[in-house]
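In what follows, a single structure is set out as structure tokens and then discussed.
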Amino acid sequence: MTQSSHSHHGHDHAHDHGHIHFASGSLSRREKKAAAKQLTLAMVALGLLALGLVWHWLFPSQQSVSQLLLGLASVLVAFPVLRSGWHSLKHPSLHGITDQLIALAMLGAWATGDLTTAALLPIIMIFGHILEERSVIGSQEAIDALSQLTHSNARKINPDGSISDVGNQQLQTGDLVEVRAGDRIPADGKIIAGMASLDTAPITGESVPQEAKTGDDVFGGAINLDGLLRIRVTRTGDESTLGKVIALMQKAEQAKPPITRLLERYAGQYMLLVLMVAAITWFVTYDAQAMLAVLVAACPCALVLSAPAASIAGIAVAARHGILIRSSAFLEEFTELNSLVIDKTGTLTFGALSLESLQPVANSPLSETQLVTLGASLGASSSHPVSRALSSLIEHQDYQSLQNVREHQGLGVVAETEQGEAALGRPELFTQLGIVFPPVPDHDGPMAGLSLKGQFICWFLLADKVRPEASQALADLKALGVGRQLLLTGDRQSVANKLAAEVGISDIVAQALPEDKLHRVRDEIQSGFKPLVVGDGINDSLALKAGVVGVAMGAGGADIALASADIVLIGSDLRRLGTCVRLSRRCRRTLHMNVIIGLSWTVAIMAAAAFGALGAAGALIAALLHNLSTLLVLVNTGRLLRFEEVLKDPTKSDAP
1 MTQSSHSHHG HDHAHDHGHI HFASGSLSRR EKKAAAKQLT LAMVALGLLA
51 LGLVWHWLFP SQQSVSQLLL GLASVLVAFP VLRSGWHSLK HPSLHGITDQ
101 LIALAMLGAW ATGDLTTAAL LPIIMIFGHI LEERSVIGSQ EAIDALSQLT
151 HSNARKINPD GSISDVGNQQ LQTGDLVEVR AGDRIPADGK IIAGMASLDT
201 APITGESVPQ EAKTGDDVFG GAINLDGLLR IRVTRTGDES TLGKVIALMQ
251 KAEQAKPPIT RLLERYAGQY MLLVLMVAAI TWFVTYDAQA MLAVLVAACP
301 CALVLSAPAA SIAGIAVAAR HGILIRSSAF LEEFTELNSL VIDKTGTLTF
351 GALSLESLQP VANSPLSETQ LVTLGASLGA SSSHPVSRAL SSLIEHQDYQ
401 SLQNVREHQG LGVVAETEQG EAALGRPELF TQLGIVFPPV PDHDGPMAGL
451 SLKGQFICWF LLADKVRPEA SQALADLKAL GVGRQLLLTG DRQSVANKLA
501 AEVGISDIVA QALPEDKLHR VRDEIQSGFK PLVVGDGIND SLALKAGVVG
551 VAMGAGGADI ALASADIVLI GSDLRRLGTC VRLSRRCRRT LHMNVIIGLS
601 WTVAIMAAAA FGALGAAGAL IAALLHNLST LLVLVNTGRL LRFEEVLKDP
651 TKSDAP
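Numbering (UniProt numbering), first residue to last: 1 to 656.
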């Protein structure tokens, strides 16, 4: 039975696997402890089992010692198994059939004195269940991480002008709040005074900080990078953009349909069939050994192991390739994906500003190197994101010394240098300083001007750089059958169009809020497509959840996106998406092979046991043959571990 097959799709049914009871998909600390306790029990039992078998092999005369070790191993894991079996009788679920069969087979094995099988079956079951619990904890982590963002303090301006610190949960529509540089905006609102740069990446995914001024609407959760703002609150709590994201996310988590395997669909009939075969065997032969042999043989031991074994091998191989797999979805759905929904900022691009070009005026008094040095030195004295991007153009020790540095909030910075007074900032700064500047260049990203001694000398044009491997990765996915590709971004249309042309995507949706992203992914599913959703920000978390498979970029990804995704690319190399598809297809083939081995072997041993072909020690031989099928499954799975894909440096990959 596939232990981990339905874990990704939400846990709308409560089930109990020896102490562990899930309801509504969250694990309490007590339940996590119980899971850890079970795993420890299984590990100890496995050690005792191995010791008993080794002892039996080394000292065949000392049977009692090896039997004692095997007995201890089976007793250790018996309680959780019997408890699970009993629970699944009271609360029937497809999963419970395996628990019941394992409990029955264990009792049968005990009755025939086959302690090896009595210990081995429950150990395998426990490992299968532990795998499944990982994804349950994961979905809850995501919602918790997001909720953390909605709790922040606010500086509320009282009617008498005094300021009091309150939790943002206490804010009402119409309240006035002050947001200082570095603070998070406590709720959705409208700016009534001030000017600042806002980092809205957590909400909209917009890489370039948003320049906000009086009259603009702002989102709760955005961070004020510089400047002082006064904001009138318009929406709070669940009504705010972030609140809606959380609510939608909880809904997306519950709405995942549990896709049940064919094997699980017929598990109930299988149970009845086994009991009938055992009963018929007893009535025809009156041989208790033959009847127990049928029960031991029928326990789907290799089947129970087939999915977890393939999962564990797949997870191990993926980790070696810098791919963190958080759920069994890669086994289930990755092989059938036929559409890609990908975010721009931090996914197809690096999510950080870099200098795209330098536009000095004719007859500039400084060389390009001197311009960069002066721009970077001035940038280093400001906290503005554009300035910070410029400051990284040269090494720290190469900065020029500046005197009398004055920052004009939200506009730029002015300072005295050895060559005279220099200014770096937005066009408005030069208007304010009375400096004549040439026409502003036509550029989609942010820009900064530079003046020296009252003369405008240069424009710095900045942009978010495309990852060098992006177009290669997308072409690779097309070759693998993921031909329908959609760029879904919170960024402006012009920026999205330019990037899409560069990487080879024709379908574009720009200026999308988290809700729009979610609806677009849902539309994709309703149109009959199976989308792979790739993103990195909080704004992508809803879409990551709603997609058939969600992949988050690991290096710079927001915690919430990492917690919402099924798969995390630790190195953030997009070509690993192709690796994921190829690996999942190998895993799927391995899994199918495992199921065929397990199923055919089980049927063959059951038939042999029922016809008395296993002789007097029927149950023992059935158990031995069964353990052999388990070994075959493990050997088949071991082939998967040899999977290897090496990536070349994308900047050199086109070279001959």
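Glycine included, each C-beta is placed from N, C-alpha and C at the ideal position.
Considering only residues of the same chain and omitting the five flanking positions on each side of N168, which have a CB-CB separation below 8 Å? T150, H151, S152, N153, A154, P186, A187, G220 and T236
Sorted by chain position, which residues of the same chain lie with C-beta nearer than 7 Å to A278's C-beta, five sequence neighbours on each side aside? M291, V294 and L295
For L574 and R467, which I take to be in contact (beta-carbon distance under 8 Å), what is that distance rounded to the nearest angstrom? 6 Å
Could you check if R586 is buried or exposed, using at least 16 other CB atoms within 10 Å of its CB as the buried criterion? buried
Could you tell me the distance, in whole angstroms, from the CA atom of T637 to the CA atom of E395? 51 Å
Could you pull the start and end residues of the alpha helix (DSSP H) that H592 belongs to? R576 to A610
Just to confirm my understanding: we take T285, look at its own chain, exclude 5 residues before and 5 after, and list those with CB closer than 7 Å. What are they? G612
Closest by CA to I325, which one among E644, Q63, R576 and L461? R576
For V414, which of helix, strand or coil comes out of DSSP? strand
With DSSP as the reference, label residue 683 as helix, strand or coil. For residue 683 there is no data in the structure shown, the boundaries of the chain being 1 and 656.
Do P446 and V386 have their CB atoms nearer than 8 Å? yes
Please classify I192: is it buried, with 16 or more other beta-carbons within 10 angstroms of its beta-carbon, or exposed? exposed
Which of the three DSSP states is assigned to A111 in this structure? helix
For A313 versus L640, is the C-beta spacing smaller than 8 Å? yes
Any beta carbon from chain B within less than 8 Å of W110's own beta carbon? In the structure shown, chain B cannot be found, because there is only a single protein chain.
Segment limits, alpha helix (DSSP H) that includes H87: Q63 to K90
Please work out which residues of its chain come closer than 7 Å, Cβ to Cβ, to N497, disregarding the five sequence neighbours upstream and downstream, and give them in chain order. I508
Rounded separation between I505 and L358 - CA only: 28 Å
Tell me whether E515 sits in a helix, a strand or coil according to DSSP, three-state version. helix
Let's see if you can read the secondary structure: which residues bound the beta strand (DSSP E) around T349? T349 to P360
Between the C-alpha atoms of S527 and V218, what's the straight-line distance to the nearest angstrom? 34 Å
May I have the straight-line CA-CA distance separating H21 from F79, to the nearest angstrom? For H21, the predicted structure reports a pLDDT of 34, less than 50, and the residue's modelled location is therefore unreliable. A value from the coordinates is still provided. Roughly 15 Å between the two C-alpha positions.
Short check: CB of A415 to CB of S391, under 8 Å? no
C458 bridges to which residues according to DSSP? P360 and L450
Can you name the start and end residues of the alpha helix (DSSP H) that S197 belongs to? It is not in any alpha helix (DSSP H) - S197 instead sits in the beta strand (DSSP E) that spans M195 to D199.
How many Å lie between P257 and F350 at the Cα? With a pLDDT of only 30 at P257, under 50, the local geometry of the prediction cannot be trusted, and no value is derived from it.
Where does R235 sit, in a helix, a strand or coil, going by DSSP? strand
Can the beta-carbon of Q38 be found closer than 8 Å to that of I102? no
Along the alpha helix (DSSP H) that carries N387, what are the first and last residues, could you check? Contrary to the premise, residue 387 reads as Ser rather than Asn in this sequence. Here the alpha helix (DSSP H) through S387 covers P385 to S391.
Using the C-alpha atoms, what's the distance from L450 back to I435? 10 Å
To the nearest angstrom, report how far apart E645 and H321 are at their CA atoms. 8 Å
Report all residues from its chain with a CB closer than 7 Å to the CB of F437; omit the five preceding and five following residues, and keep chain order. P427, F430, G449 and F456
Just the C-alpha distance for A281 and G268, rounded to the nearest angstrom, thanks. The identity of residue 281 in the sequence shown is Thr, whereas the question assumes Ala. Roughly 20 Å between the two C-alpha positions.
Run the CB neighbour count on I342, radius 10 Å, all protein chains shown included, and call it buried at 16 or more, exposed below. buried
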